[in-house]
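Each remark here refers to the structure printed beneath this line.
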Amino acid sequence: MPRQMREGFEERRKEYEERIRKWLSPENHRCLAGKTIGEIRAVVGNDFLPVGEVPDEILMYYGTDDPCVYAGPAYFIEHAVNRHKELGVEDYVGMLDVLTDYDSLYSQDDGALVLLKEGKPSRQVIIVLDGNTGRLILYRSFFGGRRKSRKWHEISEASPVVGTPLSLPEDR
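Quick note, the sequence shown lines up with residues 121 to 292 if you use this note's numbering.
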């Protein structure tokens, strides 16, 4: 069952879905596949925009107030059209479910937080707190096989551990 989200979340979720669908449109797949992230950035820009939200437990973990998870369109599109052609738009839209209805949480030594959703296929979304902006950033996602690292430390939602902010490079 999804966790309690802030008021108005369902309307904002629709905006996140629309943004992801627009970024991963058939036209963008046709026009941007095979291009470098720099070439894609020249077409779509890379201003970070919200692509999802997390519940309050995650905000407490990082000690932040903004529930949005941000991504830059150039990075997001390049990842989808060049690195994971086997995934469809619905796989990426499915990230929204992982952010709000994960089964397990893991922390990494570098401050990243892994949200794991069991099932077939299992899905993982990794977010970080950018020390430069104070925003939660979509760092990685995995679909299908369960990837578990020895660097992961399972945490409970009540964990008092605060994630270490990372300073992400400008070209993310």
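Glycine included, C-beta positions come from ideal geometry on N, C-alpha and C.
Close beta carbons around residue i, own chain, < 7 Å, minus the five adjacent residues each side
{"i": "Ile-160", "result": "Leu-152, Ala-194, Ile-197, Glu-198"}
{"i": "Pro-175", "result": "Arg-123, Gln-124, Met-125, Thr-220"}
{"i": "Val-217", "result": "Reading off the sequence, residue 217 comes out as Asp, not Val. Hits under 7 Å: Lys-237."}
{"i": "Arg-133", "result": "Leu-216"}
{"i": "Phe-263", "result": "Leu-207, Asp-211, Pro-241, Arg-243"}
{"i": "Arg-139", "result": "Leu-169, Val-171"}
Sequence-distant residues of the same chain with beta carbon closer than 6 Å to residue i, five excluded per side
{"i": "Cys-188", "result": "Pro-170, Glu-173"}
{"i": "Ser-279", "result": "The pLDDT assigned to Ser-279 is 47, lower than 50, so where the model puts this residue is not dependable, and the model offers no usable value."}
{"i": "Ala-191", "result": "Val-171, Leu-258"}
{"i": "Ile-157", "result": "Ala-194, Glu-198"}
{"i": "Met-121", "result": "With a pLDDT of 46 at Met-121, under the threshold of 50, the modelled position of this residue cannot be trusted; read the value that follows with caution. Result list for Met-121: empty, nothing under 6 Å."}
CB contact flag (residue i, residue j, <8 Å)
{"i": "Tyr-259", "j": "Leu-236", "result": "no"}
{"i": "His-149", "j": "Val-213", "result": "no"}
{"i": "Tyr-209", "j": "Arg-141", "result": "As written in the sequence, residue 209 is Val, which differs from the Tyr given in the question. Yes, they are a contact pair."}
Start-to-end residues for the alpha helix (DSSP H) that takes in residue i
{"i": "Gly-158", "result": "157 to 164"}
{"i": "Pro-146", "result": "146 to 152"}
{"i": "Met-215", "result": "215 to 220"}
{"i": "Lys-180", "result": "Note that residue 180 corresponds to Met in the displayed sequence, not to Lys. 176 to 182 is the extent of the alpha helix (DSSP H) around Met-180."}
Opening and closing residue of the beta strand (DSSP E) in which residue i lies
{"i": "Val-300", "result": "Nothing about residue 300 can be reported from this structure: the residues present for the chain run from 121 to 292 only."}
{"i": "Lys-142", "result": "Lys-142 -> not in any beta strand (DSSP E); alpha helix (DSSP H) instead, spanning 129 to 143."}
{"i": "Ser-191", "result": "It should be noted that the sequence gives Ala, not Ser, for residue 191. It spans 188 to 191 - the beta strand (DSSP E) in which Ala-191 sits, taken as one unbroken run."}
{"i": "Tyr-226", "result": "224 to 227"}
{"i": "Val-171", "result": "169 to 173"}
{"i": "Leu-236", "result": "233 to 237"}
Of the listed residues the options, nearest to residue i (C-alpha basis)
{"i": "Val-248", "options": "Glu-137, Gly-165, Tyr-182", "result": "Tyr-182"}
{"i": "Gly-254", "options": "Thr-184, Met-215, Tyr-226, Ser-242", "result": "Thr-184"}
{"i": "Trp-143", "options": "Glu-206, Phe-129, Val-163", "result": "Val-163"}
{"i": "Ile-294", "options": "Asp-211, Leu-256, Gly-154", "result": "Given that the chain is displayed from residue 121 to residue 292, the structure contains no residue 294 and the question cannot be resolved."}
{"i": "Ser-227", "options": "Glu-147, Asp-186, Ile-178, Pro-146", "result": "Ile-178"}
{"i": "His-204", "options": "Ser-261, Glu-131, Glu-127", "result": "Ser-261"}
Proximal residues to residue i (C-beta, below 8 Å), its chain only, five neighbours per side dropped
{"i": "Asp-167", "result": "Gly-192, Pro-193"}
{"i": "Tyr-136", "result": "Pro-170, Val-171, Gly-172, Glu-173, Leu-216"}
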